[in-house]
Amino acid sequence: MPKIEIYTKAFCPYCSRALKLLASKGVTPEEYDITMGGPKRAEMLERANGGTTVPQIFIDGRHVGGSDDLAALERAGELDALLAA
Ligand SMILES: N[C@@H](CCC(=O)N[C@@H](CS)C(=O)NCC(=O)O)C(=O)O
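Per UniProt numbering: the sequence shown = residues 1 to 85.
Put into structure tokens, the structure is as follows:
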């Protein structure tokens with residue numbers, strides 16, 4: 001299974017939605033809570049090409065985007081293949 005990483009903040013409904021979708025696929029991502037900012041937030045900005053919203057999701061280092069992007073992959077029937085790769 002590929003490495004799934006997700007940057008989140010507390011009380012973030014989009015983060016909850018993305019985590020729920022991943023959980024429904026049996027995936028436990030590596031979660032970085034950047035509620036308090038810090039180096040992981042800076043890392044996220046760099047890896048997400050300046051994306052400031054959370055969540056920011058990565059599959060095997062590839063930037064997927066946010067919760068809407070993850071949901072779009074699922075709607076397109078592409079998420080399972082990415083998670084199985
Ligand atoms: N379209 C984005 C929306 C994400 C979004 O608006 N997240 C909120 C938190 S739930 C956010 O990051 N707000 C700005 C901030 O907290 O700095 C997605 O699907 O991930």
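Beta carbons: idealized from backbone N, C-alpha and C, even for Gly.
Predicted model only: the values in this text are computed from it and were never measured.
query, result
"Quick one, which of D33, P2, T52, G77 has its alpha-carbon nearest S16's?", "D33"
"For my contact list, K7 and P39 are in at a C-beta cut-off of 8 Å; report their separation, rounded to the angstrom.", "The displayed chain sequence assigns Tyr, not Lys, to residue 7. The pair is not a contact, with the Cβ atoms about 12 Å apart (cut-off 8 Å)."
"Quick one: residues in its chain with C-beta nearer than 8 Å to the C-beta of D69, no 5 flanking neighbours on either side, listed in chain order?", "I57"
"Please classify D33: does DSSP put it in a helix, a strand, or coil?", "strand"
"What's the C-alpha gap between E43 and F11?", "21 Å"
"To the nearest angstrom, how far is it from the Cα of A81 to the Cα of N49?", "24 Å"
"Taking the alpha helix (DSSP H) that E74 belongs to, which residues open and close that run?", "67–75"
"Starting from the Cα of E5, find the closest Cα among R47, E30, S24 and give me that residue.", "E30"
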